[in-house]
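Heads up: the protein sequence lines correspond to chains A and B, in order.
Converting from the first sequence to our numbering requires adding 12 to each position, the first position being numbered 1.
Converting from the second sequence to our numbering requires adding 64 to each position, the first position being numbered 1.
Even for Gly, the Cβ is constructed at its ideal location relative to N, Cα and C.
For reference, the structure is listed below as structure tokens.
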Amino acid sequence: MAEKPQHQITQLLAEWSGGNQAALDELYPLVYEELHRLARRYMSRERRGHTLQTTALINEAYVRLVDQRNVRWANRSHFFAISAQIMRRILIDHARRHAYAKRGGGAQQVSLEEVAMVAREAGSDLIKLDEALKILAKMDPRRCHVVELRYFGGLSNEEIAGVLKVSENTVTRDWNLARAWLYQQLTGSAAN
Amino acid sequence: MTPERWQQISRIFKSAISLDGEARDKYLKGVDSSLRAEVDKLLESHRKASDEKFIDGVAAEANAALLIEEDELNEPPSHRLNKGQQLGSYVVLDALGSGGMGEVYLAKDTRLDRTVALKVLSEEIASDQRRMQRFRQEAKMASSLNQPNILTIFEFGEVEGLTFLATEFIDGETLREHLRTQKLKIGEIVDIAIQVLAALDAAHEAHIIHRDIKPENVMIRRRDQVVKVLDFGLAKATAERKTSTFTEQESEAATEFKTAPHVVMGTINYMSPEQAQAHAVDVRTDIWSTGVMIYEMVSGLMPFKGATVSHTIVQILEKDPVPLTQFTQRKAPAELQRIVSKALAKNVDERYQTAKDMLIDLRNLKKRRDVEAEIDRTSSPDSPRPTIVSEQVDRGPQKKRVLAIAMVAMVIVTAGIFAFSMWRSSRARTNRGAVAPPVPSDEHTLTYSITVQKFRDGKAYQEPFALPGEMIFEADYKIQIQMRTPQPGHLYIYNEGPPEGSAPTEFVVLFPTKTANKGSSLLAANQVVLIPEESRFEFDKEQGPETVWLVFATDSVPELEALGAANPNTRGLITEPARNRVVQDFLSKHSVQKPTVTKDDKQTTLKIPGKLLVYPIKLEHH
Numbered sequence: 013m014a015e016k017p018q019h020q021i022t023q024l025l026a027e028w029s030g031g032n033q034a035a036l037d038e039l040y041p042l043v044y045e046e047l048h049r050l051a052r053r054y055m056s057r058e059r060r061g062h063t064l065q066t067t068a069l070i071n072e073a074y075v076r077l078v079d080q081r082n083v084r085w086a087n088r089s090h091f092f093a094i095s096a097q098i099m100r101r102i103l104i105d106h107a108r109r110h111a112y113a114k115r116g117g118g119a120q121q122v123s124l125e126e127v128a129m130v131a132r133e134a135g136s137d138l139i140k141l142d143e144a145l146k147i148l149a150k151m152d153p154r155r156c157h158v159v160e161l162r163y164f165g166g167l168s169n170e171e172i173a174g175v176l177k178v179s180e181n182t183v184t185r186d187w188n189l190a191r192a193w194l195y196q197q198l199t200g201s202a203a204n
Numbered sequence: 065m066t067p068e069r070w071q072q073i074s075r076i077f078k079s080a081i082s083l084d085g086e087a088r089d090k091y092l093k094g095v096d097s098s099l100r101a102e103v104d105k106l107l108e109s110h111r112k113a114s115d116e117k118f119i120d121g122v123a124a125e126a127n128a129a130l131l132i133e134e135d136e137l138n139e140p141p142s143h144r145l146n147k148g149q150q151l152g153s154y155v156v157l158d159a160l161g162s163g164g165m166g167e168v169y170l171a172k173d174t175r176l177d178r179t180v181a182l183k184v185l186s187e188e189i190a191s192d193q194r195r196m197q198r199f200r201q202e203a204k205m206a207s208s209l210n211q212p213n214i215l216t217i218f219e220f221g222e223v224e225g226l227t228f229l230a231t232e233f234i235d236g237e238t239l240r241e242h243l244r245t246q247k248l249k250i251g252e253i254v255d256i257a258i259q260v261l262a263a264l265d266a267a268h269e270a271h272i273i274h275r276d277i278k279p280e281n282v283m284i285r286r287r288d289q290v291v292k293v294l295d296f297g298l299a300k301a302t303a304e305r306k307t308s309t310f311t312e313q314e315s316e317a318a319t320e321f322k323t324a325p326h327v328v329m330g331t332i333n334y335m336s337p338e339q340a341q342a343h344a345v346d347v348r349t350d351i352w353s354t355g356v357m358i359y360e361m362v363s364g365l366m367p368f369k370g371a372t373v374s375h376t377i378v379q380i381l382e383k384d385p386v387p388l389t390q391f392t393q394r395k396a397p398a399e400l401q402r403i404v405s406k407a408l409a410k411n412v413d414e415r416y417q418t419a420k421d422m423l424i425d426l427r428n429l430k431k432r433r434d435v436e437a438e439i440d441r442t443s444s445p446d447s448p449r450p451t452i453v454s455e456q457v458d459r460g461p462q463k464k465r466v467l468a469i470a471m472v473a474m475v476i477v478t479a480g481i482f483a484f485s486m487w488r489s490s491r492a493r494t495n496r497g498a499v500a501p502p503v504p505s506d507e508h509t510l511t512y513s514i515t516v517q518k519f520r521d522g523k524a525y526q527e528p529f530a531l532p533g534e535m536i537f538e539a540d541y542k543i544q545i546q547m548r549t550p551q552p553g554h555l556y557i558y559n560e561g562p563p564e565g566s567a568p569t570e571f572v573v574l575f576p577t578k579t580a581n582k583g584s585s586l587l588a589a590n591q592v593v594l595i596p597e598e599s600r601f602e603f604d605k606e607q608g609p610e611t612v613w614l615v616f617a618t619d620s621v622p623e624l625e626a627l628g629a630a631n632p633n634t635r636g637l638i639t640e641p642a643r644n645r646v647v648q649d650f651l652s653k654h655s656v657q658k659p660t661v662t663k664d665d666k667q668t669t670l671k672i673p674g675k676l677l678v679y680p681i682k683l684e685h686h
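Here's what the structure looks like:
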């Protein structure tokens, strides 16, 4: 990460905000790496009963990655948008890896291994949610975006409204509909 | 659903949600009846989703356990207690390990001057009042059990905010590890089974059901091979918790099984039919699980194992496993088969009704064998039993292989390994001086390079580029192996599967395949072979090194020829344990001699004197 100068990331972010999709391709792995690293660090630091604050985490990544002097405010929204997407990806990667994780370890501990079940089950719900979001994205990209920003990015409705340039009321309504639909998908009561 | 219809529905939903009570009803009455049903459902889901706070928090926070747990898998575990530290009357001697549930220490009980295993439960678990209540109860019950094959629980307590369980300390290994490292004889298997059943008999007498009998919960003491069954009672508390995640969603339990094909559930393979169906269980469930365990010890295979949880459950409910007498690696006596099949009766009323009954049968079998052995010993010496390739065992649908189709990809990268195998004919270097070892007349040279190409949405978006040799791949890389032999020779390529339990390592035949070279291993000079022919191999999400074994030989290798070309029905997977063992033995025997490796910027060249080159390409991926 260190060898990637801040201004390059700032530049990429600006290009992407300006509509250059290719910039995202370069930006994505850089931000992924940083967010993943931070998430892991947060978890090991805050394992003892604290919670992982997604917004704090993304903020820290933003401060570290983006040159503050050369950035317009709009870039910040864009950074949060891409970060929400990446947080989703990180969690899904973890969930999938968990599904495959092999158990092992010391003789005495093995009998305690059942606990892994909980994490794996949580992971499988997350994977299902991810699959459902992909369907939603095809039907209705904006509402999918709202879910991504709120659930994976930890943004408030007000912040989401800023990113998507719609009213806060619209965000609330989008959220209600998308969540109801996702709930149906995940509980298997979908109509179609 | 079409986007248009979705737009219609969402508009109606939006209007309806802004109204309440009568106004909403009135509004909905005017709605087209074909849309009405779906809108109603969505409104109902909206209500439930709000009530249940569905995805109300933030994903990373709600699923923090995913991140934590992996940390614990990958990083050295953190221990809350240090050597020499005191916890109540216990002094920590050493850390033994840690798992999601907490840490395990070797400790000394200063009151009684005895060594104990101290399990300190994690804060997360200890703070769950309901579960703790269960633990306490169960531990109390289990601690009343006093039988040499049951791990003794000394104390369940709490000191300075830490909840711990002190148990007898066993210097030994679990049956799972034991199976991995030892080749058990039938007599040893019977001995283990007898001790497990003796433990169960005592527990059942005290109305304690284990519910989670499996090799991980059986320990074998190093010094005398005495068997100890662990976690009586605790299993119940754990099981309770397991099912509670289902009951919270009630009917979800069934779909949970169906929709999570890749979720490996630790204990599913040992579950009885009644357990798998979430029916009430009694002592007979332990008898079933013991039957599964004996079956596994004898055959090295799980009697019920499908590619997914639901496949496994179907097998548990419907399939009769291949009789043990048909496995040839270990000669199982017919009586043992009878005992196991009685333990594995799907109908509980046809199963052994008590552990004692099964125990009696096993003891009788042991006695009879001891007598027979005595007769054998005095008459003729044991002749070695020939090992024949065992019959096809139904292993359910194709297992997910390591080189399987990757799931989701933002960026797909294709890597091609271009391996050129060059044959250097007998150009023996002259022996200079007596010190140099004799140089064989043949020398094999194998050259390969790895070509990477990035794909996106199925389309290449970067030119392929070559790398010298091995690299660390990302999860969604694709691979193609290209080989060329300037001289004729026999080529065999195998992909080594991940180790699974006590079963032998499984291999996938990558070459020869029926289509790639008409099933023949013989390559003509300068023939180019693509593996796979048209598609690409992909890595799945499993991390770690992937091994692709290259075997190139002047003469055909009879034992590898006997395996034939890749079986398209199993996508090349060799299913029979005996055959896998043949490959494993061959590779480990012949890979001892390592080729010299040289790399330039495009390719890696391997050189080996002799007629046979065996080389593992290690493909690290993450």
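query	result
CB contact below 9 Å: A/Trp28 versus chain B	no
Chain B contacts made by the segment 169 to 181 of chain A, where a contact means CB separation under 9 Å	none
Cβ separation of A/Thr66 and B/Ala124, assumed to be a contact under 8 Å, to the nearest whole Å	5 Å
Min CB distance B/Gln71 to chain A below 9 Å	yes
Residues that DSSP places opposite B/Arg415 in a beta bridge	DSSP, once it has assigned bridges, lists no residue as partnering B/Arg415.
Residue nearest to B/Ile273 in terms of C-alpha spacing, selected from B/Phe118, B/Thr245 and B/Ala344	B/Ala344
Beta-carbon proximity check, A/Leu194 vs B/Phe118, cutoff 9 Å	yes
CA-to-CA distance, A/Ala144 to B/Arg645, given in whole angstroms	43 Å
8 Å contact criterion, which A/Ala192 and B/His110 should meet: CB distance rounded	4 Å
Any chain A beta carbon closer than 9 Å to B/Glu125	yes
Same chain only: Cβ atoms within 8 Å of A/Asn188, ignoring 5 sequence neighbours per side	none
Residues bridged to B/Thr231 [DSSP beta-bridge criterion]	B/Ala181 and B/Ile217
First and last residue of the uninterrupted beta strand (DSSP E) at B/Asp173	Gly166 to Asp173
Length of the line joining the Cα atoms of B/Lys292 and B/Ala340	26 Å
Opposing strand residues paired with B/Trp613 [DSSP bridges]	B/Tyr558 and B/Pro680
Per DSSP, the bridge partner or partners of A/Gly67	For the sequence presented, residue 67 of chain A should be read as Thr rather than Gly. In DSSP, A/Thr67 forms no bridge with anything.
Nearest-angstrom Cβ-Cβ length linking B/Pro367 and B/Pro385, presumed shorter than 8 Å	4 Å
Any chain B beta carbon closer than 9 Å to A/Arg191	yes
Residue nearest to B/Arg285 in terms of C-alpha spacing, selected from B/Val254, B/Ala270, B/His242 and B/Leu261	B/His242
Neighbourhood of A/Lys140 by C-beta distance below 6 Å, restricted to the same chain and skipping five residues each side	Leu198
Contacts of A/Gln196 in chain C (Cβ-Cβ under 8 Å)	You won't find chain C in this structure, because its protein chains are A and B.
The segment 422 to 430 of chain B contacting the segment 256 to 265 of chain B, beta-carbon criterion three pairs below 8 Å	yes
Interface residues of the segment 190 to 210 of chain B facing chain A [CB-CB below 9 Å]	Ser191
CB contact below 9 Å: B/Lys369 versus chain A	no
Per-residue contacts from B/Ala113 into chain A (C-beta, under 7 Å)	Arg191, Ala192 and Tyr195
Beta carbon of B/Lys653 nearer than 9 Å to that of B/Asp619	no
For A/His90 and B/Gln201, the rounded distance between their alpha carbons	54 Å
Closer than 9 Å to chain A by CB, B/Lys122	In the sequence as presented, Lys is not what sits at residue 122 of chain B; that position holds Val. For B/Val122, the answer is yes, since a Cβ of chain A falls inside 9 Å of its Cβ.
Alpha-carbon spacing of A/Gly117 relative to B/Glu167, whole angstroms	With a pLDDT of 30 at A/Gly117, under the threshold of 50, the predicted position of this residue should be treated as unreliable, and no value is reported.
Per DSSP, cross-strand counterpart(s) of B/Tyr154	B/Leu151 and B/Asp173
CA nearest to the CA of A/Ile147, picked from B/Thr231, B/Thr66 and B/Arg195	B/Thr66
Cα-Cα separation, A/Ile207 to A/Glu45	Outside the shown range of chain A (13 to 204) lies residue 207 of chain A, about which nothing can therefore be said.
Coil, strand or helix - B/Ala630 by DSSP	strand
Other residues of its chain near A/Arg155: CB distance less than 7 Å, five sequence neighbours each side excluded	Leu148, Asp186, Leu189 and Ala190
Where B/Leu587 falls, given that 16 or more other Cβ within 10 Å makes a residue buried	buried
Chain-ordered residues of the segment 154 to 168 of chain A with a beta carbon less than 7 Å from chain B	Tyr163, Phe164 and Gly166
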